[in-house]
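Asker:
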Amino acid sequence: GKRLIRALDDHDGAACPPAVLAAEAEVPLADARPELRHLFDLGIISSEGTADPDAPVFLPREMGLMIERVEAEQSAIVQWDAPLAELMAAVPYPELEEAAIAWGARVIPAMHARGELVGLVQAQLSHPDRVSRMIATLSPPARNIWARLGTAGGSLALDELLSPADVPLQARRRILRELASPLLLWHGYDEKGTRLAAVPAEILNPPPVEVEPPPDLILLETADVVEPEWLFPYAAGWDVLTILREVQLSGPRWRVLAEADPALVRRLSRRLWWADRETRDVPTGYLSFVVRVAALAGILRDDDGRAVPGEAAADWREHGFAAAGKRLVAAWAGVEEWIEGRERVDATLYGASWPLFRQQLIDALGDLDEDQWYDQGRFIERLLKARPDLLRQATVVSVGSAPRRARIDTPEQVQDRREQILSLLTGTTLETACVWLGLIERSATLHGRRAVLRVTPFGRWVAGRRVEPGLPSLGQAAIAVGGGFQVLLYRPTPRRVWSLSAIAELQSLDRISTWALTAEAFTRALAGGLSLSQVTTYLERQSGVALPQNVAYTLAEWDRGYRRVWLRRAVLLVPEEGEESEPIVAALKDAGLEPELLSDGRIALVFDEPDAGERLYGAATRALRERGFAPLADPHSPAPRRRR
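Residue numbers are given in the numbering used here: position 172 of the sequence shown equals residue 172, and the series is strictly consecutive.
#1: Can you tell me where the beta strand (DSSP E) holding His-657 begins and where it ends?
#2: Quick check on the burial criterion: 16 or more other C-beta atoms within 10 angstroms. Buried or exposed for Gln-549?
#3: Can you name, in chain order, every residue of its own chain whose Cβ lies under 7 Å from the Cβ of Leu-204, other than the five neighbours on each side?
#4: Compare the C-alpha of Pro-494 against each of Gly-64, Pro-208, Ala-235 and name the closest.
#5: If I follow the unbroken alpha helix (DSSP H) through Gln-372, where does it start and stop?
#6: Checking the sheet assignment: what are the DSSP bridge partners for Phe-58?
#7: Smallest Cα separation from Thr-518: which of Glu-579, Val-487, Arg-615?
#8: Can you look up Leu-349 in the DSSP assignment and give me helix, strand or coil?
#9: Where do the N-terminal and C-terminal ends of the beta strand (DSSP E) with Thr-514 fall, by residue?
#10: Check for me: the beta strand (DSSP E) holding Ser-139 runs from which residue to which?
#11: Report the option in Gly-237, Val-585, Gly-251, Ser-288 whose CA atom is closest to the CA atom of Trp-273.
#12: According to DSSP, simplified to helix, strand and coil, what is Gln-507?
#13: Under 8 Å Cβ to Cβ from Arg-387, same chain only, skipping five residues before and after it: list those, please.
#14: Return helix, strand or coil for Arg-442, following the three-state DSSP convention.
#15: Check each candidate in Thr-194, Pro-595, Thr-536, Asp-302 and name the one with the smallest Cα separation from Leu-257.
#16: What are the start and end residues of each continuous beta strand (DSSP E) run of 3 or more residues lying completely inside the segment 419-507, in chain order?
#17: Given this structure, state the Cα-to-Cα distance separating Ser-401 from Arg-106, to the nearest angstrom.
#18: Since Ala-30 and Leu-4 should fall inside the 8 Å C-beta cutoff, what is the C-beta to C-beta distance between them, to a whole number of angstroms?
#19: Determine the DSSP secondary structure at Arg-133, reduced to helix, strand or coil.
#20: Leu-219 bridges to which residues according to DSSP?
#21: Verify whether the separation of the beta carbon atoms of Pro-206 and Ser-126 is less than 9 Å.
#22: Let me confirm a value: Asp-239 is counted as buried when at least 16 other C-beta atoms fall within 10 Å, else exposed. Which label applies?
#23: Quick check on the DSSP output: the alpha helix (DSSP H) that includes Pro-309 runs from which residue to which?
#24: Output the distance between the C-alpha atoms of Val-308 and Arg-245, rounded to the nearest integer angstrom.
#25: DSSP three-state label for Leu-573, please.
#26: How long is the line joining the alpha carbons of Gly-188 and Ile-77, rounded to whole angstroms?
#27: Please report how far the alpha carbon of Thr-537 lies from the alpha carbon of Ile-603, in whole angstroms.
#28: Since Ala-255 is in the alpha helix (DSSP H), which residue starts that stretch and which ends it?
#29: Does the Cβ of His-38 have 16 or more other Cβ atoms within 10 Å, making it buried, or fewer, making it exposed?
#30: Is the distance from the Cβ of Leu-161 to the Cβ of Arg-177 below 9 Å?
#31: Count the other C-beta atoms from every protein chain shown that fall within 10 angstroms of the C-beta of Gly-544, then say buried if there are 16 or more, exposed otherwise.
#32: In the DSSP assignment, find the unbroken alpha helix (DSSP H) run with Arg-650 in it and report its ends.
#33: Can you grab the Cα-Cα spacing for the pair Tyr-115 / His-11, in whole Å?
#34: Under 7 Å Cβ to Cβ from Arg-466, same chain only, skipping five residues before and after it: list those, please.
#35: Using only the alpha-carbon positions, how far apart do Asp-9 and Thr-428 sit?
#36: Suppose you measure from the CA of Trp-254 to the CA of Gly-377; what does that come to, to the nearest Å?
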């Protein structure tokens with residue numbers, strides 16, 4: 001069979017009659033025909049006509065390439081004790097992709113640089129614990145083969161390892177593929193041309209890896225750092241409450257809110273903690289970010305194109321600011337997109353596990369000391385060195401306007417480029433989400449303007465390094481109401497901020513935020529269903545004292561000036577002229593309904609739910625018809641009849 005295949009390979013894919021092929025291979029034609037049929041059945045050769053035994057046969061191009069590769073491997077004796085990097089250099093690109101996938105990497109075909117794939121796979125093969133975990137996931141026959149190779153010193157003849165007489169061909173291929181896909185098992189030939197199954201020495205007995213220790217953090221004195229402007233520790237949570245109130249009052253379109261329409265930003269900026277105190281500018285991407293996080297947490301949602309409060313909004317407001325902020329962090333940390341940086345950096349990554357990246361970043365921040373400033377650049381450098389698997393599976397397609405292309409780079413070049421990109425991505429995440437959500441504070445050195453950061457008590461609590469932080473207890477009560485209609489908020493909680501935003505206008509945001517009781521805000525509260533007694537009771541209970549007399553009097557005046565009109569839904573029944581209303585009322589009551597007799601003789605069946613009208617109408621119709629009345633639906637209602 002081998003001589004026939006070699007003879008057919010010399011024809012470079014051209015068809016050749018069996019008689020000519022047998023002569024070239026020096027094989028009798030009677031022996032060549034059944035052997036060619038066997039090769040055809042195995043799929044090694046093809047025929048121009050399967051019915052005719054003398055039909056020309058040819059070697060498919062794929063088989064020809066495979067034979068060339070086998071011949072090249074037979075002529076090049078592999079030294080299995082060579083460095084793994086040298087052996088990896090000869091692995092074809094598709095097999096590197098397959099190996100990376102086998103090790104769990106998210107590979108986009110033809111998108112990775114070769115050096116990147118080599119680095120991914122070699123990093124796994126160089127760690128004995130990772131190899132052991134991979135072996136443990138294989139089938140028992142594959143684990144047995146691995147153990148026999150280890151006992152034999154790393155290589156055995158393939159037929160000795162898996163005898164064709166004992167192991168069926170399909171089972172043999174499956175076992176070999178299990179080990180070969182992650183490049184645990186390699187194959188080659190010895191000087192005699194015997195096919196070998198082998199494990200490179202560096203995989204079987206890896207040399208000790210000298211791990212370069214991560215660089216030390218650079219600590220800075222507080223006196224050398226520009227003191228950042230004070231912000232409420234849970235500013236993002238407070239801002240979400242502000243956005244939620246705006247959504248409840250005005251019901252903006254979801255797209256306008258999610259994409260931070262400039263007009264909406266201008267309307268909200270005076271009430272947002274993260275807006276600049278002088279220019280009222282909001283950080284790029286901030287509003288879109290907090291809206292997206294609030295939606296992920298169930299606090300906001302898109303209802304047919306309109307922004308409305310989410311199902312979790314009411315429950316979220318009942319928690320303290322720390323717990324509420326932690327829920328926002330959890331929503332952000334779990335999203336599979338880089339939402340914090342998409343408006344800052346034009347980067348496209350495939351296969352990135354952002355939840356894992358954020359969790360590792362939060363853990364690293366939790367290891368820092370509170371009240372200590374650190375150089376941000378060194379922190380990022382240390383993070384990338386200490387956690388080399390950070391975003392390892394991600395494929396960087398483009399950063400800015402420069403698209404990445406698959407290139408033949410050395411692993412060192414790939415690693416340097418990845419570290420630069422990861423530094424950019426990590427720095428952007430720190431200065432956006434980590435700052436906005438209150439995990440860290442950022443500033444700069446007085447000299448050199450180097451970026452610095454320090455972890456907040458909230459950040460360490462989220463990382464599980466300390467107990468839940470509290471807010472300072474200011475004032476003798478939660479709020480104070482002054483005679484000038486000002487309300488001072490000493491002890492903010494989500495519930496208090498939410499309640500005050502319903503009955504007063506925000507004046508200023510500070511350590512003690514100021515609100516004002518105005519006619520417009522009070523009228524808005526009344527329109528929302530609150531009453532004068534509810535407003536005054538709340539203010540007095542939170543302040544611990546009675547309202548100033550002038551404030552109480554003015555609120556009462558505003559209440560009297562509010563012209564209320566109550567609307568109710570009802571099914572109206574109009575008896576025929578001369579018909580008494582009482583029997584109809586009795587019939588409806590007998591049917592379990594609750595009629596209300598009006599002064600003009602008409603009868604009302606009142607309901608509150610918008611969808612209940614049709615059901616109530618039908619029930620009244622059936623009840624009257626069953627009791628001898630003739631219910632009619634007259635579109636032209638008769639004039640009301642005053643009862644005599």
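In this text, a Cβ means the ideal position worked out from N, Cα and C, and glycines have one as well.
Answerer: This is what the structure gives:
#1: Here the chain comprises residues numbered 1 to 644, so residue 657 is not present and cannot be evaluated.
#2: exposed
#3: Gly-150, Gly-154
#4: Ala-235
#5: Taken as a continuous stretch (DSSP letters only), Gln-372 belongs to no alpha helix (DSSP H), as it is neither H nor E.
#6: Phe-58 is bridged to Ser-46.
#7: Per the Cα distances, Val-487.
#8: strand
#9: Unbroken beta strand (DSSP E) run through Thr-514: 513-516.
#10: Where Ser-139 is concerned, there is no enclosing beta strand (DSSP E), given that its DSSP letter is neither H nor E.
#11: Gly-237
#12: strand
#13: Gln-360, Ala-364, listed in sequence order.
#14: strand
#15: Asp-302
#16: 440-444, 451-455, 479-481, 486-489
#17: The predicted model places Ser-401 with a pLDDT of 39, which falls under 50 and marks its position as unreliable; any figure quoted below should be read in that light. Straight-line Cα distance between these residues: approximately 24 Å.
#18: Not quite, the Cβ-Cβ distance comes to about 13 Å (not below 8 Å), so this is no contact.
#19: helix
#20: Tyr-374
#21: yes
#22: buried
#23: Where Pro-309 is concerned, there is no enclosing alpha helix (DSSP H), although the beta strand (DSSP E) it sits in stretches over 306-309.
#24: 10 Å
#25: strand
#26: 7 Å
#27: 39 Å
#28: The sequence shown places Arg at residue 255, rather than the Ala named in the question. From DSSP, the alpha helix (DSSP H) with Arg-255 extends over 254-258.
#29: exposed
#30: no
#31: exposed
#32: Residue 650 lies beyond the stretch modelled for the chain, which goes from 1 to 644, so this question has no answer here.
#33: Sequence check: residue 115 is Gly here, not Tyr. Each residue's Cα considered, the two are about 37 Å apart.
#34: Cβ within range, chain order: Pro-457, Arg-460.
#35: Whole-angstrom Cα-Cα distance: 58 Å.
#36: 38 Å
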